[in-house]
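I have placed the structure first, in the form of structure tokens, so that the comments after it can refer back to it.
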Amino acid sequence: MSVKVAARVRPLSQREKERSCTSCIAMDGPCTLIYDVATQRTRTFTFDYSFWSCNGFEEEDDGLLVPSESYYDDQHKVYDQIGADFFEDAWSGYHSCLMAYGQTGSGKSYSLMGYGPNQGIIPRFSQEIFQKIDETTTQDRWYEVSMSMFEIYNERIQDLLADHKSIPAWGLKVRESKKLGIYIQNLSKHSIVLSEDLLKLIEKGNNNKSIMATYMGQSSSRKHTIITLSLNQFEIIDGTTTEIYSDIKFVKMAGSERPRTSNATANWLREGRNINQSLACLGRIITILADKANGRSTNSIVPYRDSVLTRVLSNAFGGNCKTTMLFTLSPADINYEESLSTLRYANRAKMVQNKPTTNIIMKDKMVGQLKNENDRLKRFIMTLINQKSPGSKNTSLFGSIEVLKADTKSETNNSVEESKENHKIEDTHQHISCIDKREDNKFQKCAKVHKGFPPYLVNLNANPQLSCLLYYSLLDSPILVGRATGIPQPHIVINEMGILPNHCVFEMDSKEPSKQRNYPEDLPKFFLRPCAKEACNTIWVNGETLSVEGAQLGHNDRIFIGASTLFLFKFPELEVLKYGKEVPNEITWEFALQEKLSKVTISNKVTKELGSKICPMNNQIDLVNSSLSTQNKKMENITQEIGGKVLTAERENKSSSEIEQIVLDQIESVKNEMGPE
């Protein structure tokens, strides 16, 4: 069964209206169209649902938004289309997951929770499920509902409903077992009996969430939030108790804010990196699962463990779950790239295939089976005791016992190994926690020294979704770049063709004067230098091949290393001072690649012109070399001839003066033969 996908577009925000933005998105039935003003190209995407909430509505006195046009999709219609099927799946015993994905300020919270009288999917779902429970509860049929709520922040899990004094600083741990599957250790669960109880717990959790005002939204959530409802239905049928259970997850993804669009500061740089890293990891998983559904990459391993988010949601993608993804969009043309990336993300997600099954347990039947198994084992033990008495010759049975012992020992060893592996994972998480703390200290230190944003490297990629995901602080200079096999181990690993084990290095030198650029003396200077002469051919700075001496870096310099690795050097102190040549405000992969290719083309033209001039000279040199070769052969023959005559004279016992005269006569003869040449 495929993942269900829906797209919803919100109205223009006040900020977008003030900037005179126009809508670049349109919808026609299940189709969502996005228009690129720059290229005048329209792309069409088809999903299970497309909800138009951009215009065509009126606001009543109590704040309720009601349709004034038939094409407007309000909160009620969105729930009827998505929530109704979602409720039926959960009630029937299927694990269910509803996920809201989109850029910051695109309407994820509004769609899930709503505000005021405009209730979202979760409040409506809560009302419907408890209404159904009230209508169907009898003496032989009863229900249990519990709830948990947590968030993932900087790859750490925080329980939003627990006493924060009892939560470790490094967060809760994700565990895995054969019986329970993926679960979160020590996560609190709260029983609820009314819809109002659920909404109060959600409000409590929301008050504990971390939000910050950004350029993209005044209350931007900086974490992935997951609400889990556990619904257990019990019914006695013919004396047998049947349990139907399902886990219902509501997931609100953190906004995918990029530093260049959200005006991020140093304190939030690492946080944004972790958010985008988990989103990119989820994107890779969706791509691999989509390829497998289409018959491609059938042997690829799905990297669920690459982030905490994907590990927690592993059942929702490719597992035993019915998953619905709601992608929220901004209609503004200034958000075209973000909206296009979201639609591409959605287009891949709809190809993922899950394998949902109902979760039903016949409790009394299982108890009876366990009792029968217990009686059988007791009889088996008594048989063994009797057969072990003196005089017994039944060795085959005791051989079976030894096999059982060996199997038990093997299982015990496996359990011990699994426990050791879990401890290793815990140690790794604690190590990562220490690294994160050190990174925080670096950024705080740099903020004091530079009174602003620290210098750093950020990646650009041909796929916009993968751009601005990797950040490298340049405070701990030098920063070595190379292969994973390099000694010492490089800080930035690039395993591409042509990359040396130790390829190049980024260095900070405050004392060295600015030879190439006139920077203030109070600011540190950063240089990129090759580790070997051969590395220069695979490093370009602003389109120019790196020299052996290296290059001094300036704000927004484009650095290509290898065929496809591109970094931007960011030093906002220099941006404020307007140092360096003028470049576009928004530097893209395409701009940097075109810059590199254009300068390579110019270099090739110059080489070709020089080659056309050098070619005739090479021809003349070849002729001279040929003539010299002929003359050398003649001289060798003459030398041999003179040597022969000298030997003959010596045999004839001629005097030295006579021999000398013979040589002079021979040389004179040669001069006459060669002429004036």
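Residue numbers (our numbering): -10 to 666. By construction, the Cβ of each residue, glycine as well, lies at the ideal position given by its N, Cα and C atoms. All values derive from a computational prediction rather than experimental measurement.
In this model, residue 478 and residue 159 are separated by some 28 Å (Cα to Cα). Per DSSP, reduced to three states, the secondary structure at residue 461 is strand.
With contacts defined by Cβ atoms closer than 8 Å, residue -5 and residue 316 form a contacting pair. Taking 3 residues as the minimum length, the beta strand (DSSP E) runs contained wholly in the stretch 263 to 318 are 311 to 318, in order along the chain.
Per DSSP, the continuous alpha helix (DSSP H) segment holding residue 64 begins and ends at 64 to 67. In this structure the stretch 95 to 103 touches the stretch -6 to 11; the number of beta carbon pairs closer than 8 Å is three or more.
For residue 140, the pairing in a beta bridge is given by DSSP as 147, 214. A residue is called buried once 16 or more other Cβ atoms fall within 10 Å of its Cβ, and residue 443 is buried on that count. The residue among 636, 298, 574, 532 with its C-alpha nearest the C-alpha of residue 163 is 298.
In this structure, 215 is the residue among 653, 129, 215, 562 with its C-alpha nearest to the C-alpha of residue 102. When the beta-carbon positions are compared, residue 445 and residue 90 stay at least 8 Å from each other. In the displayed model, residue 492 falls within coil according to three-state DSSP, outside both helix and strand.
For residue 121, there is no enclosing beta strand (DSSP E); the residue is found in the alpha helix (DSSP H) stretching over 110 to 125. DSSP places residue 514 in no alpha helix (DSSP H) but in the uninterrupted beta strand (DSSP E) bounded by 514 to 519. With respect to the 8 Å criterion, residue 198 and residue 140 are classified as neighbours on the basis of their beta carbons. Here residue 165 has 171 as same chain residues with Cβ atoms under 6 Å from its own Cβ, once five neighbours each way along the sequence are excluded.
For residue 48, the uninterrupted beta strand (DSSP E) run begins and ends at 46 to 48, by DSSP. Closest in C-alpha terms to residue 475, from the list 467, 481, 491, 623, comes 491.
Under a 10 Å Cβ-count criterion, residue 657 is classified as exposed, with fewer than 16 other Cβ atoms of the shown protein chains found around its own Cβ. The Cβ atoms of residue 221 and residue 83 lie no closer than 8 Å to each other.
Residue 313 counts as buried, since at least 16 other C-beta atoms from the protein chains shown sit within 10 angstroms of its C-beta.
For the 8 Å CB-CB criterion, residue 542 and residue 549 do not form a contact. Taken through DSSP and simplified to helix, strand or coil, residue 183 comes out as coil.
Taking a contact to require three or more Cβ pairs closer than 8 Å, the stretch 135 to 151 and the stretch 167 to 185 qualify as touching. As the crow flies, the alpha-carbon of residue 64 is around 16 Å from that of residue 76.
For residue 20, the secondary structure class from DSSP, reduced to helix, strand or coil, is strand.
Taking the CA atoms as reference points, residue 240 sits about 25 Å from residue 349. Counting along the chain, the unbroken alpha helix (DSSP H) around residue 80 starts and ends at 73 to 80. When the alpha-carbon of residue 351 is set against those of 455, 244, 273, 229, the nearest one is in 229. A straight line joining the alpha-carbon of residue 651 with that of residue 625 spans about 18 Å.
Annotation: the continuous beta strand (DSSP E) that includes residue 445 extends over 445 to 449.
For residue 330, the enclosing alpha helix (DSSP H) covers residues 325 to 338. Taking the Cβ atoms as the reference, residue 467 lies roughly 5 Å from residue 494, within the contact range of under 8 Å.
DSSP lists -9 as the bridge partner or partners of residue 342.
Between residue 113 and residue 72, the gap from beta carbon to beta carbon is short of 8 Å. By the CB criterion at 8 Å, residue 581 and residue 547 fall inside the cutoff.
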